Amino acid sequence: MTDTTLESLFARSPTRELEEVQKVNEVGQAERDIDEFYETDSARKVLTELGEIVNSTGSQPRFRYVHATFGSGKTHLLKLIGIATGEIEGLGTVAPKLSSQFSGFKEFRDRLNSSHIDHLVPLFMNLLDRDKVRDSTLSLLIYEELGNQLNYPTDPLWLLEWIWTLEIEHGLWEAVRSVEHNGMSLQEAAQDKAALRPWLYEALPEMDETDGTPYATEEGVKESIQQATGQISTEAFTPDELVERLDRTKRYLQESGETYEFLIGLDEVAIYVGDQQHRYREFLETVDTLIADINPPILGTGQWSLRDMQQDFMGEVDPEAWYTNEIPLRGADTEIIVRKRWLRKSDSGTETVHDLLDRTPDFEPELADASEYTDVGDPLEAYPFREHDLWLLREVMQSLKKEDLEVDREYVQGRALLILVRSLFTSFDWAQKEPGAVVAWDEIYDLIERETTDIPGWAKDQIQKVENTTNEMGVSVAKVLYLLGQVDAVPTTKKNITRLLVGSVDTDIDQLESDVEEALEALMEDNFVRTDESVQPQTYRILSKEIVEFWDQVHREAAGLPKHQVRYNIEDLLREADRGRLTADDSLRTRNIDGISDAPYTFRYTVLDQVDASPEPRFDGVVARVLAADSDTIEESRTTWQEANAGEQGVEDVLVVIELSEGLRESIRHLIALDSLLEPGASAELRIEQQQEEETVEDEIEELLYGAKLYTPDHNTTRGTYLSNIDSVLADAVRDKFKNRKTLDTRLQEVDDARTLFEFFNGNGTWPFSADDAERLGVKTVPREISDGWAEEFLNDYAGEELVSGETVLEEIAGRRGKYLGTPREALAALLITLAAANKIEIRRDGVRIEDPGEIGRSMIRLSDIRDIDIGFDPVDIEGSSNLKAVYQSLRGFAPQGNDPTAWLSNLASWAEKNSSDIRNTCARVDLEFDEEITLDALRDALEPGMAGGELDDAVLTESPVPTQAEWFHKAEPLFEGDEPLWDEFTSSLETMRSLYPDAAITYKMEDAVDGSRIPSKESLATLQAKAHDFRASQISELHHLLTGTTPEADSISDLCSAVEQVFLDHDVIVDIDAATETISGVTFESLRELEEIAASAEDISESDIASGNAVSEAGQLEKARGLLEDQPDGSLYDQLESRYEKLKAEHSDAFITKQVKRALSGPDLVTPSRSEALVKQADAKLQSKDDDEDDEDDDDQEDDGPSVDELWAEVTEPGDGTIVVIDTEERDR
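Sequential numbering from 7 applies to the sequence shown in the numbering used here.
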């Protein structure tokens, strides 16, 4: 048997290309069409009623309309009816075969043979031929089919009319068709449009048979062609013209002594009509005229009810009218079509399959008692599937497509199942398998997953989890359980699962059942499968409905997560995997690493993105970059990172590379969505799922982190893995990067150690640090003095400086040119405290020297604390001199010269006397403008002697709160000086902003600046005032730009207002406003109308006029309205949206796009033209999706140039975004 393949068992290869869909007048494969036909009860009813109307001779209309869903075989049936008439040339012997095989056709033939008709000539036409239908009428189409049946050339159409007249009136057709002229017959001349007329002009006058006829001369022939051309036009050729030609042709044919009738077949009437009322009126008129005059038997087909079309287009339905004569047609179930068309065996193949099935174990599943399965076939036909497989597969596909929609069972009619079965033999190589192979259901799952998009993502994810967790048998069982979950007909028992996994007639079913049982136990342990022990035999399920619905919601949530949220969560997962080492993004941390104490380092993160080619400089620690992305991004980013950080100017020192697979990224998105959606009262099942998923993701992240490769800028090869080498690599980077870093052995206790150090240098306390620390700092513990080391080096660095800021000192350990980069804050703080205790420096804050040792310690606890202090290097040791110097500098704006505090006091007194008026004014304005906590009373009292010409007291000047108030004076003085103080200008501007733009952000900032809680700087007020002016100008400029599309050439507010006024005078703004409000409901332009009225009056448009209303926002709306109403080749965007809305409202009233378009058509908020264009495209796509379903998915009604197999499959299985397909067989629904 090894030389035989499954392909050899079939009558035709199951890998063959799919045939074109049925066309009613194509009968080249009549024998095969008969073999593949399956006669249903409804098909027999059609044939019975057709036989009745054919045999009828009364005045009752002989019309029937076959109402059928797509894929029900109506075109197939109509084609076979044409063959059954026996009038199709070459198929006379085939008609009896139909009678012998099918009872319905036998009854039809019996009635035809017993009728008055000798010849029932079928005039069948496919109304889906849009190229032909577009520029024609139904009467012309029927007439053209008459020409085809009479073997007349019909292209061009006037030639048909000309030949019909030639034959009916003069009997010359046979003579003309047999003559040759210039080596061509008429049929050959008709192939060359340029040669046709000259041939007729010359050939007919030369024929003896044309003597005495209009064709005897060239002029006569020309006139006859002109007449034919005029009579055959769409305007001239009415239903009455058609009836005349049918009647005269019938009488002409009956001159032979036999009776003739025309059986008119109109295939796909509903699609021919579509949504065009004029087409339906034409259909009514044509059929009415045919019935009234010659009453031929007429058989129409369509997907929609004719009664419903009458109701929709005409509004009234006469229950006795001919259009109510409908026959519903239910097609053969899809699995029967597949059996007969694709799985039909050859005679020898049938014998082989019969022998195989005789020795096959029982692999048919036991069906539920409530199953609606009807046995209409046998296992021989279904092989290599089980007897029930195709029916169940259709049910599975139906369930997967409809989700929660209640749709008819014929949803998966047509070619969907047929294409899927063919794919089994092509894509899965079943054609080459040995006879005896049986299609197991896990392979059916693989087939559906590969060839369709029906299996949802959550189900694929679950199966993937199973694959990652269990063995191959577990995966197979999970796939079968998932498919069985889509149907109710098969209980999910262990026995049924086993039988559906049988893959060969030689399968040891007992061993297979044992393997299935073991797999089920493993799946239950891993929480993939639940069991219901309340029923016997025990059943299993892969997921509950709650979990399915919940996962669908989670999947949608996960798909819509913003990228930055996923990044943040991945960062958190990474840090959780090693929280003791990994820092927050760019947050400095010190830790003892690989023998280095207080090693400063930080981690930065690049997740799902490229690394920055210009990283932010950082000089206070080693920088490690964690790069977590896909492999392609990692490869490119690693090169970028090494190039950016190579050499001495490099910023980052270590790269940690973590490759995130697509599956893990999806799992993380899934977990984020799960965490956000899982409610406190969720079921235990969902809680378990969440816990398992979280643990799985965390474990994988931890594994990836620990195995991450490390790189440095100067090494192209890896420096090891994170788990094994991160500390040593970071330590190496610290040594290389910070060669002059300073550290101490003893951990600093800032406040306590500061007090101890001050006592130590006063000769009382003990040295608080180690001896090595004393040596590093340069302290000789005996005799308690600074002599060398870091302290001496630091003092030398600032020799000649009197005062430096804490920020400047911090630059030494963290700045680009710092001398002690990499030094911990604790070491720097210990140095400064030591120097202050030794009276080598003084620590100031807010200009005041800190005298208390504990407070000095507190000023060193955080980096921000150090930034807020100043370090003085003044060698004069006079009590209070530092505070006096600070007060002097605050009041005068510069430091005093020399080191004599007496001279400083004298200079201050002279300055106070000279500027007494300004000083008093500043103090008074501060009292007036600021909170009571902010006052200069103490400063004014301290300066009063000097302002009166006397001497100043240094003790009073240096006593709190005078130094602080001196600082406030320094800030307040420039705000109130001059004839037009800055403060007054600012408050005036603020009042304007409050009046015109109370809700503007800049208004809030201005109010905050002068709320009285603090004294703002001159620079900050000036900046805010400039921004306020810019804001005011921008509002007016924006209005001008929205109205004209141009920017006004003006700077001042008044000039800008004048420019806006000129717009209303020079432009027809009011015309655009009227056009918009007349066309678009809900939009108003009251503010713009008011500005128009002001411009038209004698008044000038002011800034207040513009700001008091909604002019700017209305101008924005007007700009959008102009874009919507602008003329375009296809009409304005508004008209396009309006026309789409009418169709959407009729066809998709509840669709989301319908609501979007509705909102876009009315105010108050309009959409932009670009958004409108997008809505038009989305609406067209929504509307087209329905057309595609109607036009393309019918198994029997495609055009000649229909879609390819792949395109058809995509249309059947992959409806566009937003498409919801509902099939309802209720006759009233279309």
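We put the CB at the ideal spot given by N, CA and C, even for glycine.
None of these values were measured; they are calculated from a predicted model.
Looking at the unbroken beta strand (DSSP E) that takes in residue i, where does it start and where does it end?
{"i": "Phe130", "result": "His125 to Asn132"}
{"i": "Thr545", "result": "Thr545 to Arg547"}
{"i": "Arg631", "result": "Val628 to Ala635"}
{"i": "Val493", "result": "Here Val493 belongs to no beta strand (DSSP E), and DSSP marks it neither H nor E."}
{"i": "Asn598", "result": "Arg595 to Ile599"}
Could you spell out the range, first to last residue, of the alpha helix (DSSP H) harbouring residue i?
{"i": "Phe609", "result": "It is not in any alpha helix (DSSP H) - Phe609 instead sits in the beta strand (DSSP E) that spans Ile602 to Val613."}
{"i": "Ile333", "result": "Counting along the chain, Ile333 falls outside any alpha helix (DSSP H), though it belongs to the beta strand (DSSP E) covering Glu332 to Leu335."}
{"i": "Glu440", "result": "Here Glu440 belongs to no alpha helix (DSSP H), and DSSP marks it neither H nor E."}
{"i": "Val968", "result": "Val968 to Phe982"}
{"i": "Lys1126", "result": "Ala1117 to Leu1131"}
{"i": "Ala74", "result": "It is not in any alpha helix (DSSP H) - Ala74 instead sits in the beta strand (DSSP E) that spans Phe69 to Ala74."}
{"i": "Leu86", "result": "Lys80 to Ala90"}
{"i": "Glu229", "result": "Glu224 to Gln237"}
{"i": "Asp578", "result": "Lys569 to Ala583"}
{"i": "Asp514", "result": "Looking at the DSSP string, Asp514 is not in any alpha helix (DSSP H), and its letter there is neither H nor E."}
{"i": "Gly878", "result": "Not the alpha helix (DSSP H): Gly878 falls in the beta strand (DSSP E), residues Ile875 to Gly878."}
{"i": "Val617", "result": "Val617 -> no alpha helix (DSSP H), and no H or E assigned at all."}
Name the residue from the options whose alpha carbon lies nearest to the alpha carbon of residue i.
{"i": "Asp960", "options": "Ser923, Leu911, Asp924 and Asp990", "result": "Leu911"}
{"i": "Leu594", "options": "Leu56, Arg50 and Val628", "result": "Val628"}
{"i": "Val344", "options": "Gly355, Glu387 and Phe319", "result": "Glu387"}
{"i": "Ile1237", "options": "Gly806, Thr10 and Phe800", "result": "Outside the modelled stretch of the chain, which goes from 7 to 1236, sits residue 1237, for which no answer is possible."}
Quick check on residue i: buried or exposed, where buried means 16 or more other Cβ atoms within 10 Å of its Cβ?
{"i": "Gln232", "result": "exposed"}
{"i": "Asp281", "result": "exposed"}
{"i": "Val445", "result": "buried"}
{"i": "Met530", "result": "exposed"}
{"i": "Leu15", "result": "buried"}
{"i": "Gln468", "result": "buried"}
{"i": "Tyr278", "result": "buried"}
{"i": "Ile884", "result": "Residue confidence is low: Ile884 scores 44 on pLDDT, short of 50, so the model does not pin down where it sits. Its coordinate-derived value is still stated next. Under this definition Ile884 is an exposed residue."}
{"i": "Gln1204", "result": "Residue placement at Gln1204 cannot be trusted, given a pLDDT of 41 that sits under 50; the coordinates are not used to answer."}
{"i": "Leu104", "result": "buried"}
{"i": "His394", "result": "buried"}
{"i": "His122", "result": "exposed"}
{"i": "Lys228", "result": "exposed"}
{"i": "Thr829", "result": "buried"}
{"i": "Pro789", "result": "exposed"}
{"i": "Pro543", "result": "exposed"}
Could you check the C-alpha separation between residue i and residue j for me, to the nearest Å?
{"i": "Ala196", "j": "Pro441", "result": "55 Å"}
{"i": "Val1016", "j": "Ile1008", "result": "13 Å"}
{"i": "Arg855", "j": "Glu848", "result": "7 Å"}
{"i": "Glu250", "j": "Asp161", "result": "21 Å"}
{"i": "His721", "j": "Phe609", "result": "19 Å"}
{"i": "Asp452", "j": "Asp384", "result": "25 Å"}
{"i": "Thr205", "j": "Ser311", "result": "Per the sequence presented here, residue 205 reads as Trp, with Thr not at that position. Trp205 and Ser311: Cα-Cα distance of roughly 49 Å."}
{"i": "Ala1152", "j": "Phe1158", "result": "14 Å"}
{"i": "Thr10", "j": "Ala437", "result": "10 Å"}
{"i": "Asn802", "j": "Asp874", "result": "23 Å"}
{"i": "Arg400", "j": "Ser667", "result": "35 Å"}
{"i": "His570", "j": "Val613", "result": "9 Å"}
{"i": "Thr21", "j": "Thr432", "result": "6 Å"}
{"i": "Ala842", "j": "Glu861", "result": "12 Å"}
Could I get the ranges of all uninterrupted alpha helix (DSSP H) runs contained in the segment 681–726, with 4 residues as the minimum, in chain order? Taking only runs of at least 4 residues, the alpha helix (DSSP H) segments lying wholly in the segment 681–726 are 690–712.
Runs of beta strand (DSSP E) wholly within the segment 1159–1186 (minimum 3 residues, chain order): none
Any beta strand (DSSP E) of 3 or more consecutive residues that is wholly inside the segment 238–276: 266–273
Runs of alpha helix (DSSP H) lying entirely within the segment 748–810, each at least 4 residues, in chain order: 756–767, 777–783 and 795–803
Any alpha helix (DSSP H) of 4 or more consecutive residues that is wholly inside the segment 888–925: Correct list: 907–920.
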